[in-house]
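A.B. asks: One structure, pasted below without further comment.
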Amino acid sequence: MAATLAFKPVSKHSNLMQSFNPNYSRGFVMPYEEVFAQISNRRLLTDDGHQLAYQVIGDGDETLVLANGLGGRLYAWLGLIERLNPRYRIISWDYRGLFESEGASPDLSVHRHASDLLAILNEEQIEAAHLIGWSMGVQVSLEVALRQAQRVASLVLINGTYGQVFSTAFQPFLQLPRQPIVLHGLMEQLRNRPTLLRFTRKGVRWPTEALFWLRKATLGRRQSTLTLGLRQYFRDVSTTDTRAYLQLFQELDAHCVYHRLSSVRAPTTVISGGFDYLTPAAQSRQMARRIPNAQHVNLAMGTHFVLLERPEAVYQAVNKHLTQSRTMTGE
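Heads up: the sequence shown begins at 1060 in this note's numbering, then just goes up one per residue.
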């Protein structure tokens, strides 16, 4: 039964990226149930009583876990999911505090998110999975790999860093005086001032809204996937728990595994964008140097959003990585 289901198409469309339809819902991503032929929305009660929402797509013999960037959701992975179908079972989840996993939680640390992922793997009875992390997901994936190495078949780390994001962001292009302190202060001011927070929730959307409608006026239906993806991103983060979203930035800065990277044992590929100012490529090079036998793929013209900009190039790197990992383990 499982072997038969594994070859059903994951997409309801000839091209999964068609779900970025400029004429659908005025240019937002279609609901996942209208995109994926096989998607199961599931919930899990964690050991500390928090309700987690996660998604399972397909039922291939191997499992890929897609660990989102902060504020990201499944739409960011559509190009990769389409190309990896139907060989893998794919799992992703909404981080506690955000979206379908909203709800008060005293602990939003990276360590806690890693525990949440391990709880999902336990719930699904998955012994080991390939972890593919984007941005925040890189730190979560590294934490899991260092805590329970036997649960991680391999790692792909995209547009991320080892931690201390307020210190590493913008380098080497810009370094503000006392940058981490300034950024922590900004996050706290936004979280603790309701009027300013409401203004911010509305204001974060206008640049991508302006770009979308400008392109629509000048190019008609020819919207770039990056424009549509960013528009969806800012729409999502403006409608979720913004206080939790801002706190998560601080949690990412509080987390650091730089000193432990040499202990990572999983086969690892690190993917960076040459114009990524949020998690600069220099951080990826450092991770690749410190993680034993890690490979580094730099997409020279890519930004922090190579998943949306360069889905084919990302797929080629991921597919090569998965093939090599399978060879190394003798599968």
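We put the beta carbon where it would ideally sit given N, CA and C, even for glycine.
#1: Pairs of beta-carbons, one from the segment 1303–1310 and one from the segment 1124–1133, closer than 8 angstroms: are there three or more?
#2: Going by beta carbon distance, what residues of the same chain come within less than 6 angstroms of Arg1148, once the five residues before and after it are set aside?
#3: Which residue from Leu1214, Leu1201 and Trp1152 puts its Cα closest to that of Val1377?
#4: Report all residues from its chain with a CB closer than 7 angstroms to the CB of Gly1332; omit the five preceding and five following residues, and keep chain order.
#5: For Ser1331, which beta-bridge partners are listed by DSSP?
#6: Determine, using beta carbons only, whether Ile1150 and Ile1179 come nearer to each other than 8 angstroms.
#7: Are the CB atoms of Gln1342 and Thr1259 nearer to each other than 8 angstroms?
#8: Which residue or residues does DSSP assign as beta-bridge partners of Leu1233?
#9: Measuring straight from C-alpha to C-alpha, what distance separates Arg1319 and Glu1202?
#10: Give the secondary structure of Gln1383 by DSSP, where H, G and I count as helix, E and B as strand, and everything else as coil.
#11: Could you give the distance in angstroms between the alpha-carbon of Arg1396 and the alpha-carbon of Leu1256?
#12: Evaluate Leu1233 with the Cβ neighbour count: other Cβ atoms within 10 Å of its Cβ, from every protein chain shown; 16 or more gives buried, anything less gives exposed.
#13: Where does the unbroken alpha helix (DSSP H) through Leu1214 begin, and where does it stop?
#14: How long is the line joining the alpha carbons of Pro1081 and Arg1142, rounded to whole angstroms?
#15: Could you tell me how far apart the beta carbons of Leu1216 and Val1197 are, in whole angstroms, since I believe they sit closer than 8 angstroms?
#16: Please state whether the Cβ-Cβ distance between Leu1205 and Val1316 is less than 8 angstroms.
#17: Name the residue from Val1323, Asp1175 and Val1124 whose alpha carbon lies nearest to the alpha carbon of Ala1187.
#18: Would you decide whether Ala1208 is buried or exposed? Buried here means 16 or more other CB atoms lie within 10 Å of its CB.
#19: Is DSSP giving His1189 helix, strand or coil here?
#20: For my contact list, His1172 and Val1199 are in at a C-beta cut-off of 8 angstroms; report their separation, rounded to the angstrom.
#21: With DSSP run on the structure shown, which of helix, strand or coil describes Tyr1374?
#22: Put Gly1130 into one of helix, strand or coil per three-state DSSP.
#23: Suppose you measure from the CA of Gly1192 to the CA of Ala1126; what does that come to, to the nearest Å?
C.D. replies: Answer, in terms of the structure:
#1: yes
#2: Within the sequence shown, numbered from 1, the residue matching residue 1148 stands at position 89. Counting only Cβ-Cβ distances below 6 angstroms, and skipping sequence neighbours, we find Gly1117, Asp1118, Gly1119 and Thr1122.
#3: In the sequence shown, the residue the question calls residue 1377 occupies position 318. The shortest C-alpha separation from Val1377 is found at Leu1214.
#4: In the sequence shown, the residue the question calls residue 1332 occupies position 273. So the qualifying residues of the chain are Asn1218, Ala1340, Leu1358, Gly1361, Thr1362, His1363 and Val1365.
#5: To locate residue 1331, count along the sequence shown from 1; it is residue 272. Ser1331 is bridged to Asn1357.
#6: Here the question's residue 1150 lines up with position 91 in the sequence shown. Here the question's residue 1179 lines up with position 120 in the sequence shown. Contact flag set, yes.
#7: Position 283 of the sequence shown, counting from 1, holds the residue named residue 1342. Position 200 of the sequence shown, counting from 1, holds the residue named residue 1259. In this structure, Thr1259 does not lie closer than 8 angstroms to Gln1342 by Cβ.
#8: For the purposes of this step, residue 1233 is taken as the residue at position 174 of the sequence shown. In the DSSP output, where bridge partners are listed per residue, Leu1233 has none listed.
#9: On the sequence shown, position 260 is the one that residue 1319 refers to. On the sequence shown, position 143 is the one that residue 1202 refers to. Between Arg1319 and Glu1202, the C-alpha separation is close to 10 angstroms.
#10: For this step, residue 1383 is matched to residue 324 along the sequence shown. Reduced to three states, the DSSP call for Gln1383 is helix.
#11: The question about residue 1396 has no answer, for the chain in this structure spans 1060 to 1390.
#12: What you label residue 1233 is simply residue 174 of the sequence shown in a count that begins at 1. Per the 10 Å Cβ criterion, exposed.
#13: To locate residue 1214, count along the sequence shown from 1; it is residue 155. Element bounds for Leu1214: not the alpha helix (DSSP H) but the beta strand (DSSP E), Val1211 to Ile1217.
#14: As a working mapping, residue 1081 is identified with position 22 in the sequence shown. As a working mapping, residue 1142 is identified with position 83 in the sequence shown. Legend: pLDDT at Pro1081 = 45, less than 50; position of this residue unreliable, value from coordinates given subsequently. Their backbone Cα atoms lie some 22 angstroms apart in a straight line.
#15: Residue 1216 sits at position 157 when you count from the first residue of the sequence shown. Residue 1197 sits at position 138 when you count from the first residue of the sequence shown. Sure, about 4 angstroms apart at Cβ, within 8 angstroms.
#16: Counted from its first residue, the sequence shown places residue 1205 at position 146. Counted from its first residue, the sequence shown places residue 1316 at position 257. Taking 8 angstroms as the Cβ cut-off, Leu1205 and Val1316 qualify as a contacting pair.
#17: Stepping through the sequence shown from its first residue, residue 1187 is reached at position 128. For the residues Val1323, Asp1175 and Val1124, the minimum Cα distance to Ala1187 belongs to Val1124.
#18: Here residue 1208 is taken as the residue at index 149 of the sequence shown, counted from 1. Counting Cβ neighbours within 10 Å, Ala1208 comes out exposed, since fewer than 16 surround it.
#19: One-based indexing of the sequence shown puts residue 1189 at position 130. Reduced to three states, the DSSP call for His1189 is strand.
#20: By one-based count along the sequence shown, residue 1172 stands at place 113. By one-based count along the sequence shown, residue 1199 stands at place 140. Yes, His1172 and Val1199 are in contact; Cβ-Cβ is about 5 angstroms, under 8 angstroms.
#21: Here residue 1374 corresponds to residue number 315 of the sequence shown, with the count starting at 1. The answer is helix: DSSP assigns Tyr1374 an H, G or I state.
#22: Taking the first residue of the sequence shown as 1, we reach residue 1130 at position 71. Coil.
#23: Along the sequence shown, one-based indexing puts residue 1192 at 133. Along the sequence shown, one-based indexing puts residue 1126 at 67. Each residue's alpha carbon lies about 5 angstroms from the other.
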